[in-house]
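Taking it in order: structure first as structure tokens, then the write-up.
There are 2 protein chains.
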Amino acid sequence: MVIELAAAIVGLADEAPKILLLRPAEGKGEAGQPLGLRLGLPCGPFDPAGHRTLEEGLRTWVREQTDLHLGYVEQLYTFGDRFRDPTERVGGPRPVSVGYLALVRQTAAKNAGRNPGEAAWGDWYRYFPWEDWRDGAPPMLDAVMAPGLDHWIQDAGDKAERQRRRERVNLAFGFGAGAWDNERVLDRYELLYEAGLVFEAAFDRSQAADAQIKSGAALIKDHRRILATAMGRLRAKIKYRPVIFEVMAPTFTLLQLQRAVEALSGGRLHKQNFRRLVAHEGLVEPTGQVSSATGGRPAELFRFRREVVHERPAPGVRAPVKVRR
Amino acid sequence: MVIELAAAIVGLADEAPKILLLRPAEGKGEAGQPLGLRLGLPCGPFDPAGHRTLEEGLRTWVREQTDLHLGYVEQLYTFGDRFRDPTERVGGPRPVSVGYLALVRQTAAKNAGRNPGEAAWGDWYRYFPWEDWRDGAPPMLDAVMAPGLDHWIQDAGDKAERQRRRERVNLAFGFGAGAWDNERVLDRYELLYEAGLVFEAAFDRSQAADAQIKSGAALIKDHRRILATAMGRLRAKIKYRPVIFEVMAPTFTLLQLQRAVEALSGGRLHKQNFRRLVAHEGLVEPTGQVSSATGGRPAELFRFRREVVHERPAPGVRAPVKVRR
DNA sequence: GGCCTTATACTTACTTTGAGCATAAATGAG
DNA sequence: CTCATTTATGCTCAAAGTAAGTATAAGGCC
Numbered sequence: 001m002v003i004e005l006a007a008a009i010v011g012l013a014d015e016a017p018k019i020l021l022l023r024p025a026e027g028k029g030e031a032g033q034p035l036g037l038r039l040g041l042p043c044g045p046f047d048p049a050g051h052r053t054l055e056e057g058l059r060t061w062v063r064e065q066t067d068l069h070l071g072y073v074e075q076l077y078t079f080g081d082r083f084r085d086p087t088e089r090v091g092g093p094r095p096v097s098v099g100y101l102a103l104v105r106q107t108a109a110k111n112a113g114r115n116p117g118e119a120a121w122g123d124w125y126r127y128f129p130w131e132d133w134r135d136g137a138p139p140m141l142d143a144v145m146a147p148g149l150d151h152w153i154q155d156a157g158d159k160a161e162r163q164r165r166r167e168r169v170n171l172a173f174g175f176g177a178g179a180w181d182n183e184r185v186l187d188r189y190e191l192l193y194e195a196g197l198v199f200e201a202a203f204d205r206s207q208a209a210d211a212q213i214k215s216g217a218a219l220i221k222d223h224r225r226i227l228a229t230a231m232g233r234l235r236a237k238i239k240y241r242p243v244i245f246e247v248m249a250p251t252f253t254l255l256q257l258q259r260a261v262e263a264l265s266g267g268r269l270h271k272q273n274f275r276r277l278v279a280h281e282g283l284v285e286p287t288g289q290v291s292s293a294t295g296g297r298p299a300e301l302f303r304f305r306r307e308v309v310h311e312r313p314a315p316g317v318r319a320p321v322k323v324r325r
Numbered sequence: 001m002v003i004e005l006a007a008a009i010v011g012l013a014d015e016a017p018k019i020l021l022l023r024p025a026e027g028k029g030e031a032g033q034p035l036g037l038r039l040g041l042p043c044g045p046f047d048p049a050g051h052r053t054l055e056e057g058l059r060t061w062v063r064e065q066t067d068l069h070l071g072y073v074e075q076l077y078t079f080g081d082r083f084r085d086p087t088e089r090v091g092g093p094r095p096v097s098v099g100y101l102a103l104v105r106q107t108a109a110k111n112a113g114r115n116p117g118e119a120a121w122g123d124w125y126r127y128f129p130w131e132d133w134r135d136g137a138p139p140m141l142d143a144v145m146a147p148g149l150d151h152w153i154q155d156a157g158d159k160a161e162r163q164r165r166r167e168r169v170n171l172a173f174g175f176g177a178g179a180w181d182n183e184r185v186l187d188r189y190e191l192l193y194e195a196g197l198v199f200e201a202a203f204d205r206s207q208a209a210d211a212q213i214k215s216g217a218a219l220i221k222d223h224r225r226i227l228a229t230a231m232g233r234l235r236a237k238i239k240y241r242p243v244i245f246e247v248m249a250p251t252f253t254l255l256q257l258q259r260a261v262e263a264l265s266g267g268r269l270h271k272q273n274f275r276r277l278v279a280h281e282g283l284v285e286p287t288g289q290v291s292s293a294t295g296g297r298p299a300e301l302f303r304f305r306r307e308v309v310h311e312r313p314a315p316g317v318r319a320p321v322k323v324r325r
């Protein structure tokens, strides 16, 4: 059995979260893959003889494919369900894939790659447009998702199943009494997948272009699912581990830090409270330098205070993410 | 390549957390396995042809081996490092194992099994005696762990490595300025493993019996590592998901609930604040019945309020776990 | 200088938390 | 029967933390 290792490598260019993608060499799969199904995460098979650990295997593949030496790496989940990959054939081989989240600092602002084998950064909200609430609720939610999901609910066989679907949808999307939870990225993606509202699940490829536009760009195999897992995990982890500093430059202004958290979390933070929080938690310390590239009053430059991990059990950016409907 | 699925099945008998273990049929491995290395978690290889999903594979194996139909199941981690299993041979096959956490309600208080193939419940603190702080700091920490770890720190080649080891130990065990973090179960186990302080890592088997007594009982393969992962995850999850109710009877008194959380978390809670918390979070609702088996004033019986998952984003028992040195 | 922008300090009302006191309702010993 | 003991449960109080502002500072640009 083949175990595939795949990495969701996340970085930040200004206020846009980026994800490293590459166009696998053509010819191996079907030639004329439909629109959008050409990009994927860096990945490769685990080699028990060559790789001392799973993580080392992943690092090796990423290095070979992208020239990137990863720093922060974290295992996410192991996917083994049948037919995750829409192109899987009945009786065909079944890949099991182990997904990883990696965080990197430098994000050359190259656009998604043109040439086969070339790695390039893509905006992760291109693949999950409904997850970006920084400017209020994405209109597509009410315009596209809600009706689509509603149709799927009504489509259920019996009443109990309808009820079950409705509950799941309400929980994941916060449609009923509940609120939008920015961590439930995977729940939402899986619902959209089941409801046939994402490209990967649209078996009728004539409708695919339509779904493509409406529900974000697709990725090959189950890579969008892995990306959803990575997003959810990262959004959760920001709150109780100082992972945000893995994507920040060594020194930064507090607004830059805030924008970084907002970009990954997909919501807005209260500025004054945010700075009180990071100062009070001891997450950062002033460097003494100032940056005058702010457009207004110059801002003090801060750096991450590493000692914080020894002082408190779960240091992170606890600031509540605000999403406005 | 073989993917092994293994389940840490956790239940509760009164105030003792229990883990389901079985004695694999003899004769397959070496016959005269050393003391303590005979019990292991329910497990079996993933079969891509027969199992629709990894989780289904796991459920099937558990059902076959223990007659247990699992309810709550959660994937933990996929382990693929070389030589996790102390009996692995150079050039031999390398198993990759996917660990799961399962929670069950009924815990027949059978002791760890006598007969091959028979499943039985064992106290999980038998395998991690240093993790139970309910009656204050376990004496073995200062008596055995601290000196052993110190020796390992001094054993490092150069100064930088010594420093690194010291930091890791202080972080995981809260020896320096830091405090004991009840979630870092895996960190601690891995340090003890690296330092040769657990049976599994003791290559010289003459010292093994000694290590056995000092540092808890061992399990076959890397099952103790999987158990450590399960403990850490469960202790974390109790705080933000209502998983505790997966191990509770349908109705319970608040003290029973508190004791359950304490048993799994390994520390004590403040009684009055605990009840205020669970009531205020809307986690439970009164049934109207009372239980007079308390030994004092009869206590009201409560049940889990399922609606809570729709009301708040992360409902769980947020009560701070107190550990006293 | 006046006006734009962003940075940063401080206020205020409100909520949550940690700790403990006080009372209620059972049991069992004498 | 009374009282000591045990567990349950209600309540207070101070300290800390939080959400949402107002106010002021310090740059650039016209």
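Order-wise, the sequence lines are chains G and S. For the first sequence, the numbering used here begins at 1 and goes up steadily by one. For the second sequence, the numbering used here begins at 1 and goes up steadily by one. Where is the CB? At the ideal position from N, CA and C, for every residue including glycine.
query: State the start and end residues of the unbroken alpha helix (DSSP H) segment that holds S:A102.; result: It is not in any alpha helix (DSSP H) - S:A102 instead sits in the beta strand (DSSP E) that spans V96 to L103.
query: Going by DSSP in three states, G:Y189 sits in which element: helix, strand or coil?; result: helix
query: I'd like to know if the segment 36–52 of chain S and the segment 4–20 of chain G are in contact, where contact means that at least 3 CB-CB pairs between them fall below 8 Å.; result: no
query: Check this for me: beta carbons of S:D8 and S:Y100, under 8 Å apart or not?; result: With the sequence shown as reference, residue 8 of chain S is identified as Ala, and Asp is not the correct amino acid for it. Taking 8 Å as the Cβ cut-off, S:A8 and S:Y100 qualify as a contacting pair.
query: Would G:P250 count as contacting chain S if we go by Cβ distances under 8 Å?; result: no
query: Output, in chain order, the set of chain S residues within a Cβ distance shorter than 7 Å of G:P86.; result: By Cβ distance, chain S contributes nothing, its closest Cβ being about 16 Å from G:P86, past 7 Å.
query: Determine, using beta-carbon pairs with one atom in the segment 148–156 of chain S and one in the segment 284–298 of chain S, whether at least three such pairs fall under 8 Å.; result: no
query: Out of curiosity, what's the CA-to-CA distance linking G:H69 and G:V247?; result: 14 Å
query: Bridge partners of S:W121, per DSSP?; result: S:L20
query: If you reduce the DSSP assignment to three classes, tell me which class G:G44 lands in.; result: strand
query: State yes or no: is the C-beta of S:H223 within less than 8 Å of the C-beta of S:L41?; result: yes
query: Thinking C-alpha only, which one of S:L283, S:R306 and S:R318 is nearest S:H270?; result: S:R318
query: Do you know offhand how far S:V284's Cα is from S:A314's?; result: 15 Å
query: Where S:E30 and S:P93 are concerned, what is the direct C-alpha to C-alpha distance, given to the nearest angstrom?; result: Residue placement at S:E30 is flagged as unreliable, the pLDDT there being 46, under the threshold of 50; the coordinate-derived value follows with that caveat. Between S:E30 and S:P93, the C-alpha separation is close to 16 Å.
query: Which same chain residues, not among the five before or five after S:L5, have their C-beta less than 8 Å away from its C-beta?; result: C43, G44, P45, F46, L54, G57, L58, W61, S97, V98 and Y100
query: Can you tell me the Cα-Cα spacing of G:E200 and S:E190, whole angstroms?; result: 40 Å
query: Can you pull the chain S neighbours of G:M1, defined as C-beta to C-beta under 8 Å?; result: M1, V2, I3, F46 and P48
query: Where does G:T294 land, buried or exposed, given buried means 16+ other C-beta within 10 angstroms?; result: exposed
query: Report buried or exposed for G:G50, applying the criterion of at least 16 other Cβ atoms within 10 angstroms of its Cβ.; result: exposed
query: Applying a beta-carbon distance threshold of less than 8 Å, which residues of chain G neighbour S:V261?; result: Residues of chain G passing the Cβ test: none, with the nearest at roughly 17 Å.
query: Residue ranges of each alpha helix (DSSP H) run of no fewer than 4 residues wholly in the segment 231–312 of chain G, ordered along the chain?; result: 254–265, 271–280 and 308–311
query: Closer than 8 Å, Cβ to any Cβ of chain S: which residues of the segment 289–310 of chain G, in chain order?; result: V309 and H310
query: Between S:N327 and chain G, is any beta-carbon pair separated by less than 8 Å?; result: Any property of residue 327 of chain S remains undetermined from this structure, which presents chain S solely from 1 to 325.
query: At a Cβ threshold of 8 Å, is S:P313 touching chain G?; result: yes
query: May I have the straight-line CA-CA distance separating S:K214 from S:P147, to the nearest angstrom?; result: 12 Å
query: Using the beta-carbon of each residue, which ones in chain S are nearer than 7 Å to G:Y77?; result: Q75
query: From this set, G:A13, G:G282, G:N182 and G:L227, which residue's C-alpha is nearest G:G136's C-alpha?; result: G:N182
query: Are G:L227 and G:Y77 touching if we call contact CB-CB under 8 Å?; result: no
query: Between S:R94 and chain G, is the shortest Cβ-Cβ distance under 8 Å, so that the two count as touching?; result: yes
query: For a test of the three-state rule: what should DSSP assign to G:E30, helix, strand or coil?; result: Unreliable positioning characterises G:E30 in this predicted model, as indicated by a pLDDT of 46, which lies under 50. The coordinate reading is nonetheless provided below. Coil at G:E30, not helix or strand.
query: In the structure shown, what three-state DSSP assignment does G:L76 receive?; result: strand
query: Thinking C-beta only, is G:T251 closer than 8 Å to G:R303?; result: yes
query: For a test of the three-state rule: what should DSSP assign to S:G71, helix, strand or coil?; result: coil
query: Looking at S:V323 and S:G282, is the spacing between their C-beta atoms short of 8 Å?; result: no
query: Are the Cβ atoms of S:G216 and S:P129 separated by less than 8 Å?; result: yes
query: Does the beta carbon of G:V98 sit closer than 8 Å to a beta carbon anywhere in chain S?; result: yes
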